[in-house]
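A short worksheet on the structure shown next.
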Amino acid sequence: MLKEILQAQLIPTSREFYNQKSALRISASKNGIFFEIANATGKSNAGANTFGWRGKEVEDSETVKLSESEVLNIEGLIRLFYEKGEKAFKEEARRICGKDFLELYHKTETGDKIISLRVYQGKLFLNISVSKDRRLNFVIFPSEQRILREYLLYVVNKRFQINDTLKYLEYISSKTETSS
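First residue of the sequence shown? That's 840 in our numbering, and the numbers climb one at a time after it.
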């Protein structure tokens, strides 16, 4: 019974955030925290935007895996931008990575990816770049920033919960095997 209760805590979580031109999916699972940006690719029969999520017929998205500390840096800079403005955002970004924006490099089997958080013309953009010619953008509007920040904190806490649960399940399994 305890094992089943603990395994129920391993259920991954995922949320999508939308604007007119792109969407952001943030997921947490036992494999990590993932950010995926997908471009709008057309309209549905009902007139709603459709997006090129990975795994569908159209693939117009990019995904990057992030650590908990990287997610917390993104959350903190979003909060700073909307609470104290562009100047405070740039000062903190310089402190973190030496630039006026947050830029995180990730090496993957398919090539390097860069995720960045930038201010452009007074708006906050989350970008995933895989080359000079391929960068997907998601605008973080003031109306979405609070729920996005709260979800980022939830995702980090969920990852800690998943990792703790996995370790405890391993512990319980080892104790059960040795007592048999």
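Backbone N, C-alpha and C fix where the C-beta goes; we use that ideal spot for every residue, glycine too.
Computed from a predicted model, the values in this text were never measured in an experiment.
- In this structure, the alpha-carbon of Glu948 lies about 35 Å from that of Ile1011.
- For the alpha helix (DSSP H) assignment, the stretch 879 to 909 encloses no uninterrupted run of at least 4 residues.
- Closest in alpha carbon position to Gly937, among Thr889, Ser955, Val910, is Ser955.
- By alpha-carbon distance to Ser970, the top candidate from Arg933, Gly950, Val995 is Gly950.
- Taking 4 residues as the shortest admissible run, the stretch 907 to 954 contains the following complete alpha helix (DSSP H) segments, listed from N- to C-terminal end: 907 to 923, 925 to 936.
- Across the structure, Thr880 and Asp972 are spaced so that their CA atoms are roughly 18 Å apart.
- Counting of Cβ neighbours within 10 angstroms places Ile865 among the buried residues, the total reaching 16 or more.
- In this structure Phe977 is buried. Its beta-carbon is surrounded by 16 or more other beta-carbon atoms within 10 angstroms.
- Around the beta carbon of Glu875, a 10 Å sphere encloses 16 or more other beta carbons of the protein chains shown; the residue is thus reported as buried.
- Shown here, Phe999 sits in a helix according to DSSP, grouped into three states.
- Looking at the DSSP output, Glu1009 shares a beta bridge with no other residue.
- In this model, Leu943 and Lys1014 are separated by some 41 Å (Cα to Cα).
- Membership of Ile967 in the beta strand (DSSP E) is indicated by the continuous run 962 to 970.
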